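Going line by line, the protein sequences match chains A and B.
Those letters in the first sequence? Residues 143 to 473, by this note's numbering.
Those letters in the second sequence? Residues 143 to 473, by this note's numbering.
2 protein chains.
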Amino acid sequence: MASRVTLQDVARHAGVSRTTASFVLTGRRDMRISVDAEQRVLRAARELSYRPNLMARGLRTRTTHTIGLISDTVTTEPFAGDIVRGAVNAALRHDNLLVIGETSGDRGVEERVVQDMLDRGVDGFLYASTWTRVSRLPAVLRGHPFVWLNCLPRGRASASAVIPDERSAGTLAASALTAVGHERIALVGVPSPDVWAAGERLAGIRAAGVTVAATVECDWWPEPAYTAVSSFLATGPSVTGLICLNDRIALGAYQAAQEAGLRVPDDLSVVSFDDSDLAAWLRPSLTSVALPHAELGGRAVDLLLSPPASPLVERVPMRLHERASIAPPSS
Amino acid sequence: MASRVTLQDVARHAGVSRTTASFVLTGRRDMRISVDAEQRVLRAARELSYRPNLMARGLRTRTTHTIGLISDTVTTEPFAGDIVRGAVNAALRHDNLLVIGETSGDRGVEERVVQDMLDRGVDGFLYASTWTRVSRLPAVLRGHPFVWLNCLPRGRASASAVIPDERSAGTLAASALTAVGHERIALVGVPSPDVWAAGERLAGIRAAGVTVAATVECDWWPEPAYTAVSSFLATGPSVTGLICLNDRIALGAYQAAQEAGLRVPDDLSVVSFDDSDLAAWLRPSLTSVALPHAELGGRAVDLLLSPPASPLVERVPMRLHERASIAPPSS
DNA sequence: TTGCTGTGCTAACCCGATTTAGCACGGAGC
DNA sequence: GCTCCGTGCTAAATCGGGTTAGCACAGCAA
Chain A
143 MASRVTLQDV
153 ARHAGVSRTT
163 ASFVLTGRRD
173 MRISVDAEQR
183 VLRAARELSY
193 RPNLMARGLR
203 TRTTHTIGLI
213 SDTVTTEPFA
223 GDIVRGAVNA
233 ALRHDNLLVI
243 GETSGDRGVE
253 ERVVQDMLDR
263 GVDGFLYAST
273 WTRVSRLPAV
283 LRGHPFVWLN
293 CLPRGRASAS
303 AVIPDERSAG
313 TLAASALTAV
323 GHERIALVGV
333 PSPDVWAAGE
343 RLAGIRAAGV
353 TVAATVECDW
363 WPEPAYTAVS
373 SFLATGPSVT
383 GLICLNDRIA
393 LGAYQAAQEA
403 GLRVPDDLSV
413 VSFDDSDLAA
423 WLRPSLTSVA
433 LPHAELGGRA
443 VDLLLSPPAS
453 PLVERVPMRL
463 HERASIAPPS
473 S
Chain B
143 MASRVTLQDV
153 ARHAGVSRTT
163 ASFVLTGRRD
173 MRISVDAEQR
183 VLRAARELSY
193 RPNLMARGLR
203 TRTTHTIGLI
213 SDTVTTEPFA
223 GDIVRGAVNA
233 ALRHDNLLVI
243 GETSGDRGVE
253 ERVVQDMLDR
263 GVDGFLYAST
273 WTRVSRLPAV
283 LRGHPFVWLN
293 CLPRGRASAS
303 AVIPDERSAG
313 TLAASALTAV
323 GHERIALVGV
333 PSPDVWAAGE
343 RLAGIRAAGV
353 TVAATVECDW
363 WPEPAYTAVS
373 SFLATGPSVT
383 GLICLNDRIA
393 LGAYQAAQEA
403 GLRVPDDLSV
413 VSFDDSDLAA
423 WLRPSLTSVA
433 LPHAELGGRA
443 VDLLLSPPAS
453 PLVERVPMRL
463 HERASIAPPS
473 S
């Protein structure tokens, strides 16, 4: 494992000083370098396949082309992986690398990870949440460049934020049902104040002009959804369409509908949110509004590296992925 | 954003030279430092909450306490996230951070990412694959410390490798069926030579003394599994148990069984591999052998940071997660 | 007194880059 | 001949640590 080629080697090879080599390679035009010397340096660098030591450079310039991602969970949800992927790829496009830290939501771990990253001179942070939610800024982050990723500060934003446009998503989902004639529609899931998306989606549904005929309250998992929808189908008002607040709820709803002898979409249309893998796997496949996780990660990196004049909250559009779970109401 | 406290500041505050401060803080006992001076330095460091600049340190020591993860896909599969999580947390335990790179399997991108990491002085690499498979070592990695993560070199290993113990997993799955009396068992999925796990699982199944009554060939996705199992149930030999090569196949099998009027587990027992989220969500919930992804990531970090005397291949045990999809055969 | 030994510390160099300050040289103008 | 200016470069400082070599002093033996 031969030791790396240094700037010194390049300079020697080109017959100039380290200073000159540095000027040429960092492209500083304010210093007077002859075309000849410049060519010799560039050639030497190429021939030796010189790569600058970014630690040494960072020591001087205080930039490392490295971004820290602080996440509550890297992967409780598969979603989180998409955020990371979007961020990693965007970082690479900007010639940056991503170092990641998982905090499990623990403030202590959070502080430690941020410090560990600062010790390594990261240029800035992505402060990410798996679930879109309102969050508080950890004190250690104060004074350092960062972007809210899939979360929002309580009050006015001191930094930019990237979140999915859940409100429009609500409108999309509702319109997918009304467009084919559904009028009696139930909402499945519980619009908890904790879950920011729930409120937004509901607002979007209302904005679409839909009056929800019934709300089936349940936690956002297949089992509770199955139970709640089963009893709703047995005793609740009759509906022709279901808006499920996520795909896992939709899975529970499918199971309940099937046991109740209802066929999707002939007897019951279903639309959902998230567009997880599940949506494509169910029979019939599930129409769902996709969370743009990779794009969230990507845009957050963009905003961190090319910050706007003043902080902005960017709402990334969500798209309806139409599949086979919606049909016009029968009769 | 006040500039960081440096070793110089600590030394000044303690009334000693930078050298002495460095000796105390790095814990070198071969230099003679009086107890008094030592205490003053430690106190100063504490009071100023000094944290060493790891770039500066790394420049000298050539270690950065940073590990690079090279992955084909950070998240095509939710699994990948688990590997990352396991690695991140293990790294943190060892006072290391993880920087990640995604290559999409592209050798060019791979080389670039590895170089980018080397430029930042990472101490070593985890060369990871989402799917367990035999892999070739990228040339850029040669000469640097690394560990194979969820993949294996073709021949003799020049570095350690961490893989799931798929063979025992096969035995576990098969035994789960035979233990309650199943004798006519079908295997669903296609034992492709590309997919290392398939061969191992099959070998494990055979090692359990099970003769597979039929093999239902299909790709490892719900839709093709549904089609293949449907036609098998209609025309194939009668079986009481199904071993599905992953959970997505099991989902397809559930759908097929249901349409054929067979009830799981009363008429048909099902066991599967992976133990993805899906397994817990299906009705009845699915018994599955869990892929230990987080543990793979964690062990890989351990092996990288505390390398054994000679390279070893570590097979991480897989555990059977028993749920409701297995019952004794009827009659 | 001289020499030796051990204790406790520090000056100076090194890692590999960037950056500031300024030197050497040639030609033009007076 | 002397100054002045522009051109083209480099010496040296700097970033913040780790590390080597060696200095100053005290105590003790001969």
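Glycine included, each C-beta is placed from N, C-alpha and C at the ideal position.
It should be emphasised that the depicted structure is a prediction, and the values quoted were computed from it without experimental measurement.
- Annotation: A339 of chain B to A367 of chain B spans about 18 Å, alpha carbon to alpha carbon.
- Using a Cβ-Cβ cut-off of 9 Å, D237 of chain A counts as an interface residue toward chain B, since at least one Cβ of chain B sits closer than that to its own.
- Around Q257 of chain A, the beta-carbon contacts reaching into chain B at under 7 Å are R193.
- Residues of chain B whose Cβ lies closer than 7 Å to the Cβ of A198 of chain A are, in chain order, L201.
- For E244 of chain A, the C-beta contacts it makes with chain B under 7 Å involve R227, V230 and N231, in order along the chain.
- When DSSP states are grouped into helix, strand and coil, W338 of chain A belongs to the helix group.
- For A321 of chain B, the secondary structure class from DSSP, reduced to helix, strand or coil, is coil.
- For T168 of chain B, there is no enclosing beta strand (DSSP E); the enclosing alpha helix (DSSP H) covers residues R160 to T168.
- V431 of chain B and S467 of chain B do not touch by the CB rule: their CB atoms are close to 12 Å apart, not below 8 Å.
- Within the segment 419 to 442 of chain A, the residues whose Cβ lies closer than 7 Å to any Cβ of chain B are, in chain order, W423 and R425.
- For Q150 of chain B, no chain A residue has a C-beta closer than 9 Å to its own C-beta; the minimum C-beta separation is roughly 14 Å.
- With contact defined as three or more Cβ pairs closer than 8 Å, the segment 203 to 215 of chain A and the segment 235 to 245 of chain A are in contact.
- Per the coordinates, the alpha-carbon of G312 of chain A lies some 46 Å from the alpha-carbon of T377 of chain B.
- CA-CA distance, V455 of chain A to C386 of chain A, rounds to 27 Å.
- In this structure, DSSP gives S380 of chain A a state outside helix and strand, which the three-state scheme calls coil.
- L393 of chain B reaches chain A at W423, counting residues in chain order whose Cβ is nearer than 7 Å.
- Taking a beta-carbon distance threshold of 9 Å, E365 of chain B counts as an interface residue toward chain A.
- Collapsing the DSSP output to three states places I347 of chain B in a helix.
- From the beta-carbon of T208 of chain A, the residues of chain B found nearer than 8 Å are V241 and R262.
- For I209 of chain B, the three-state secondary structure derived from DSSP is strand.
- Think of a sphere of 7 Å around the beta carbon of Q397 of chain B: the chain A residues whose beta carbon falls inside it are R425, in chain order.
- Every alpha helix (DSSP H) of 4 residues or more that sits fully in the segment 282 to 333 of chain B is shown, in chain order, as 308 to 320.
- In this structure, DSSP gives L387 of chain B a state outside helix and strand, which the three-state scheme calls coil.
- In the structure shown, the three-state DSSP call for G263 of chain B is coil.
- Separation of A451 of chain B and L462 of chain A (C-alpha to C-alpha, rounded to the nearest whole angstrom) is 55 Å.
- For G243 of chain B, no alpha helix (DSSP H) encloses it; the enclosing beta strand (DSSP E) starts and ends at L239 to E244.
- For the C-beta of R390 of chain B, the chain A residues within less than 9 Å are, from N- to C-terminus, D419 and W423.
- When the beta-carbon positions are compared, M197 of chain B and R262 of chain A come within less than 9 Å of each other.
- In this structure T320 of chain B is in contact with A350 of chain B, their Cβ atoms being roughly 7 Å apart against a cut-off of 8 Å.
- Inclusion of Q257 of chain B and R235 of chain A in the CB contact set at 9 Å is not warranted, their separation being larger than that value.
- By the Cβ rule, the segment 405 to 419 of chain A does not count as touching the segment 169 to 182 of chain B, because fewer than three pairs are nearer than 8 Å.
- Using a Cβ-Cβ cut-off of 9 Å, L268 of chain B does not count as an interface residue toward chain A, since no Cβ of chain A sits closer than that to its own.
- Taking 9 Å as the CB threshold, R254 of chain B lines the interface with chain A.
- Contact between D224 of chain B and P459 of chain B does not hold, since the beta-carbon distance rounds to 16 Å and is not under 8 Å.
- Looking at A:L375, A:P379 and A:R390, the one whose alpha-carbon comes closest to that of A399 of chain A is A:L375.
- A Cβ-Cβ distance of about 4 Å is found for the pair P470 of chain B and V322 of chain B, placing them in contact under the 8 Å criterion.
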